[in-house]
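**Student:**
Numbering (our numbering), first residue to last: 22 to 345.
#1: According to DSSP, which residues form a beta bridge with residue 141?
#2: Spatial neighbours of residue 345 within its chain, please: C-beta separation below 6 angstroms, excluding the five flanking residues on both sides.
#3: Have a look at 53, 127, 313, 222 and flag the residue whose alpha-carbon is nearest the alpha-carbon of residue 141.
#4: What separation, rounded to the nearest whole angstrom, lies between the Cα atoms of residue 287 and residue 274?
#5: In terms of residue numbering, what span does the beta strand (DSSP E) encompassing residue 157 cover?
#6: Can you tell me which of 168, 109, 88, 43 puts its alpha carbon nearest to the alpha carbon of residue 31?
#7: Here's the rule I'm using: 16 or more other beta-carbon atoms within 10 Å means buried, otherwise exposed. How should residue 65 be labelled?
#8: Measuring straight from C-alpha to C-alpha, what distance separates residue 199 and residue 250?
#9: Determine the burial state of residue 69: buried for a count of at least 16 other Cβ atoms within 10 Å of its Cβ, exposed for fewer.
#10: Between the Cα of residue 109 and the Cα atoms of 172, 279, 125, which residue gives the shortest distance?
#11: Under 8 angstroms between the Cβ atoms of residue 217 and residue 303?
#12: So, helix, strand or coil for residue 221, using DSSP?
#13: Round the Cβ separation of residue 86 and residue 67 to the nearest angstrom and send it over; I've been treating them as touching at under 8 angstroms.
#14: Quick check on residue 197: buried or exposed, where buried means 16 or more other Cβ atoms within 10 Å of its Cβ?
#15: Hey, residue 191 and residue 310 are a contact pair by Cβ (cut 8 angstroms); roughly how many whole angstroms apart?
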């Protein structure tokens, strides 16, 4: 098992020497070959210079990816995953709040047969009002919407088997939703408590404004997980609901006209009912168009509509038939 540690870095020059030492202390005793990939996300301090020094002094284990500008944590993580060579990929932060000493524990859980091991900052060392409380609310919401129940989606320290990281791209703030994506393809996920240390250097890069971004990204994640393969279920279901509401309104107006002799056209419900009917019909048409786009996407790129965990006594069945 080849192990890759992916660490996005943005203005963490004071933490990097301690982090590099801690990584060696945690990973050198392992029997597995390992590499650490530092992704400098356009740092404005001397982080890149220190990373270049690490790469020169420790070429066997240290690789550095320097992005041209600051693209954000998700993009930096995606770049690290793209350049990682390991069968197992561990993500963690560079601010020394995650503890590299927890990595062997994550690997032990992978050895037990899990595909994703997610860290849970059980004793979180952050400000409660601005960081911990919004995080708890977001975690509860994400767990309910995605169906993958974790206490701490925001903890970067997670271990993944490479195969569960393929098939999707990361945008926005979507790195925190990787377990949900993995769960959608049948990955076995477990959450374990990990240590969390107070920030020693610099200041946090995130505030309350990040919560709004996470909630907006959650809409995208829910759509991709539940409706990306059959968008007609979403758009068509919405359209049928609107048309049913329209039918009930118009039926009410018709009954009232027949029994009470009240004009249909004088009621605002008539206009609302017609609008709902039109919107419902348009929603169904959008679903059909989305179905065509999805089919074109899968068929043009030969994207599979299923994932395989294991094949026992598998062989080339087509080759066997041709020999007959």
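We put the beta carbon where it would ideally sit given N, CA and C, even for glycine.
All of these numbers come straight from a predicted model, not from anything done at the bench.
**Tutor:** To lay it out plainly:
#1: According to DSSP, residue 141 bridges with 214.
#2: Note that residue 345 scores 38 on pLDDT, short of 50, meaning its location in the model is unreliable; the coordinates nonetheless yield the value given after this. Correct list: empty, nothing qualifies.
#3: Minimum Cα distance to residue 141 is reached at 127.
#4: Roughly 10 angstroms between the two C-alpha positions.
#5: Note, residue 157: premise wrong, no beta strand (DSSP E); alpha helix (DSSP H) at 154–167.
#6: Among 168, 109, 88, 43, the Cα nearest to that of residue 31 belongs to 88.
#7: Residue 65 is classed as exposed because its beta carbon has fewer than 16 other beta carbons within 10 Å across all chains shown.
#8: C-alpha of residue 199 to C-alpha of residue 250: approximately 18 angstroms in a straight line.
#9: Flag for residue 69 reads buried.
#10: Answer by Cα proximity: 125.
#11: For residue 217 and residue 303, no; Cβs fall outside 8 angstroms.
#12: Residue state, collapsed to three classes: coil.
#13: The beta-carbon distance between residue 86 and residue 67, rounded to whole angstroms, is 17 angstroms. This is too long to meet the 8 angstroms contact definition.
#14: Counting Cβ neighbours within 10 Å, residue 197 comes out buried, since at least 16 surround it.
#15: Rounded to the nearest angstrom, the Cβ distance from residue 191 to residue 310 is 26 angstroms, too far for a contact under 8 angstroms.
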